[in-house]
Amino acid sequence: MLRVDIRDLQRGPVQTVGQLQPDDPAFQGLDLNLIGPVSVTGQLQGTGQGEFLWRGRFHGAMQSECRRCLVDVRTDLDIEVTAAIFSSDPEAADAPDFYPLLERASHIDIRDVAREELALAVPARLLLCREDCAGLCLTCGADLNAGPCGCTAPAEPVRGSNGSSEASNL
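Reading the sequence shown from the start, the letters are residues 84 to 253 in this note's numbering.
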């Protein structure tokens, strides 16, 4: 159950357990490339007038490209989250991990938290197939992880904006 009736929280914390499928509308517009469902477990509790706290975990897997050699990389996700949900504190909107709740809302949907937290936690643009990935030859495009490409002149390494090699910027 990832959608909790606020009245249930009057009796105490509520356990949240469920799965989100990769095609769930909560992930619409995000480029997560999830492999299979994301398991969601946690606990939601009231902390005061119109304030709630959810502590939980997301488990799943995603696929992306290595940023150096472009091969597919599978990454297991195990993300711990603490999220504050407020309906009555406009100053809380500036707090990290803040999630607004409509003033007259009768339910809290953890899928809203899942969408944002997964989007922030997944390092999709920073994935490497392995730490020592050699990348692609800048001259011929060969995968240098498979061995030397045979180009006559070695290509200069890609330089970052500070003049250091791309690999040292990681």
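Ideal placement from N, C-alpha and C gives every residue a C-beta, glycine not left out.
These figures come from a predicted structure and were not determined experimentally.
Host alpha helix (DSSP H) of L127 (start-end): Where L127 is concerned, there is no enclosing alpha helix (DSSP H), although the beta strand (DSSP E) it sits in stretches over 121-131.
Which residues in the same chain as R94 place their Cβ atom closer than 6 angstroms to its Cβ, once the five residues preceding and following it in sequence are excluded? none
Looking at C-alpha atoms only, which residue of T158, F141, E200 is the closest neighbour of S147? T158
Is the Cβ-Cβ distance between A229 and I162 less than 8 angstroms? no
Going by beta carbon distance, what residues of the same chain come within less than 6 angstroms of R90, once the five residues before and after it are set aside? none
Using 8 angstroms as the cut-off, can you tell me whether the region 107-125 makes contact with the region 211-220, which would need three or more C-beta pairs spanning the two stretches below that distance? no
C-alpha gap between R151 and T99, whole angstroms: 39 angstroms
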